[in-house]
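Engineer: Numbering (the numbering used here), first residue to last: 552 to 782.
Below, the structure is given as structure tokens:
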């Protein structure tokens, strides 16, 4: 019996818990190759992206509201806090990259509010790397719940955003879309807090067109202090 995420509009999306514990897919590795550290992974689940970044030598912290997900992530050696993105977080205003993958732009049910919050978390010149739905997918707020056979979880707010609708939503949050690309049937985008030259830029790119970039970010002492504050 498979797990699905069902919306109050009747649509369902299959859930693959085994994938959340696996190593990143090639398309996800391509996204992770574009980060600058330190990185905040919002809705990190069992911590696979945080662990992958650690193997790459990039400082990264994951946050998730699920005690089980946090416990699993920590058991695997990932630096993770049980925390809501809308609550106080360490290194606020100093993160070089925020990740919103696996549909996590839907967290809270209002993408513009979530993106405004990520903008507050970013350092000047920081970026958000986000997964979105394919062009033409209905964009909007909804309630969803997890179903596994006859077992049904509680409803909670969620949202979906099509790639073509992202620029306007990002603009309301003070961010600009600098790249959108498709890889492996999935759609991703990069949002910049203060893009070079100002204004809006929207470049649609295919897998392999965006070059990797990494940065040093705060020093080791700052990183250790951030983890201690969040513990």
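Where is the CB? At the ideal position from N, CA and C, for every residue including glycine.
Consider the C-beta atom of residue 625 and the heavy atoms of the ligand PLP; say whether any pair is separated by less than 7 Å.
Structural biologist: With respect to the ligand PLP, the structure offers nothing, as it holds no ligand at all.
Engineer: Report the option in 647, 653 and 614 whose CA atom is closest to the CA atom of residue 639.
Structural biologist: Indexing the chain shown from 1 puts residue 639 at position 88. Selected option, being the one with the closest Cα: 614.
Engineer: So, using beta-carbon positions, are residue 682 and residue 652 closer together than 8 Å?
Structural biologist: Reading the chain shown from its first residue, position 131 is the one you call residue 682. Reading the chain shown from its first residue, position 101 is the one you call residue 652. Yes, the Cβ-Cβ distance between residue 682 and residue 652 is below 8 Å.
Engineer: Fully enclosed by the region 604-639, which beta strand (DSSP E) runs are 3 residues long or longer?
Structural biologist: Those beta strand (DSSP E) runs which fall completely within the region 604-639 and span 3+ residues are 611-615 and 631-633.
Engineer: Go to residue 668, then tell me how far its alpha helix (DSSP H) extends in each direction, as first and last residue.
Structural biologist: Residue mapping note: residue 668 aligns to position 117 of the chain shown, counting from 1. Run containing residue 668: 662-672, per the alpha helix (DSSP H) assignment.
Engineer: Exposed or buried, what is residue 567 when buried is set at 16 or more other beta-carbons lying within 10 Å of its beta-carbon?
Structural biologist: Here residue 567 is taken as the residue at index 16 of the chain shown, counted from 1. Classification of residue 567: exposed, given that the 10 Å Cβ count is below 16.
Engineer: Which residue's Cα is closest to the Cα of residue 561: 694, 590, 734 and 707?
Structural biologist: To locate residue 561, count along the chain shown from 1; it is residue 10. Considering only alpha carbons, the answer is 694.
Engineer: So, helix, strand or coil for residue 722, using DSSP?
Structural biologist: Start at 1 with the first residue of the chain shown, and residue 722 comes out as number 171. Looking at residue 722 - three-state DSSP - the assignment turns out to be helix.
Engineer: Could you tell me the distance, in whole angstroms, from the CA atom of residue 709 to the CA atom of residue 558?
Structural biologist: The sequence position of residue 709 within the chain shown is 158, counting from 1. The sequence position of residue 558 within the chain shown is 7, counting from 1. Straight-line Cα distance between these residues: approximately 9 Å.
Engineer: Specify the secondary structure class of residue 577 as computed by DSSP and reduced to three states.
Structural biologist: Along the chain shown, one-based indexing puts residue 577 at 26. Of the three classes helix, strand and coil, the one that applies to residue 577 here is helix, per DSSP.
Engineer: Are residue 687 and residue 713 touching if we call contact CB-CB under 8 Å?
Structural biologist: Walking along the chain shown from the start, residue 687 turns up at place 136. Walking along the chain shown from the start, residue 713 turns up at place 162. Yes, the pair counts as a contact, with Cβ atoms nearer than the cut-off.
Engineer: Using the beta-carbon count (16 or more within 10 Å), is residue 662 buried or exposed?
Structural biologist: As a position in the chain shown, residue 662 is number 111, starting the count at 1. That one is buried.
Engineer: Determine, using beta-carbon pairs with one atom in the region 668-678 and one in the region 614-625, whether at least three such pairs fall under 8 Å.
Structural biologist: Touching, no.
Engineer: Here's a check: name, in chain order, each residue in its chain whose Cβ is nearer than 7 Å to the Cβ of residue 555, leaving out the five neighbours to either side.
Structural biologist: Within the chain shown, residue 555 is the residue found at index 4, counting from 1. Cβ within range, chain order: 563, 564, 565, 566 and 698.
Engineer: Count the other CB atoms, across all protein chains shown, that sit within 10 Å of the CB of residue 637; report buried if there are 16 or more and exposed otherwise.
Structural biologist: Sequence index remark: in the chain shown, residue 637 carries index 86 (1-based). Exposed, since its Cβ has fewer than 16 Cβ neighbours within 10 Å.
Engineer: Alpha carbon to alpha carbon, how far is residue 770 from residue 586?
Structural biologist: Here residue 770 refers to the residue found at position 219 when the chain shown is read from its first residue. Here residue 586 refers to the residue found at position 35 when the chain shown is read from its first residue. The predicted model places residue 770 with a pLDDT of 46, which falls under 50 and marks its position as unreliable, so this point remains unresolved.
Engineer: DSSP three-state label for residue 713, please.
Structural biologist: Counting from one through the chain shown, the residue named residue 713 turns up at place 162. Residue state, collapsed to three classes: strand.
Engineer: How close, in whole Å, do the beta carbons of residue 730 and residue 740 come, if the pair is a contact with beta carbons under 8 Å?
Structural biologist: As a working note, residue 730 is residue 179 in the chain shown. As a working note, residue 740 is residue 189 in the chain shown. Sure, about 6 Å apart at Cβ, within 8 Å.
Engineer: Of the residues 627, 611 and 582, which one's Cα is nearest the Cα of residue 573?
Structural biologist: Your numbering for residue 573 matches position 22 in the chain shown. Checked all of 627, 611 and 582; the closest Cα to residue 573 is 627.
Engineer: Between which two residues does the beta strand (DSSP E) holding residue 646 run?
Structural biologist: Start at 1 with the first residue of the chain shown, and residue 646 comes out as number 95. Run containing residue 646: 646-651, per the beta strand (DSSP E) assignment.
Engineer: May I have the straight-line CA-CA distance separating residue 665 from residue 582, to the nearest angstrom?
Structural biologist: Translated into positions along the chain shown, residue 665 becomes position 114. Translated into positions along the chain shown, residue 582 becomes position 31. Looking at the two C-alpha atoms, the distance is approximately 20 Å.
Engineer: Output the boundary residues of the beta strand (DSSP E) element that contains residue 586.
Structural biologist: Indexing the chain shown from 1 puts residue 586 at position 35. Unbroken run through residue 586: none, as it is neither H nor E.
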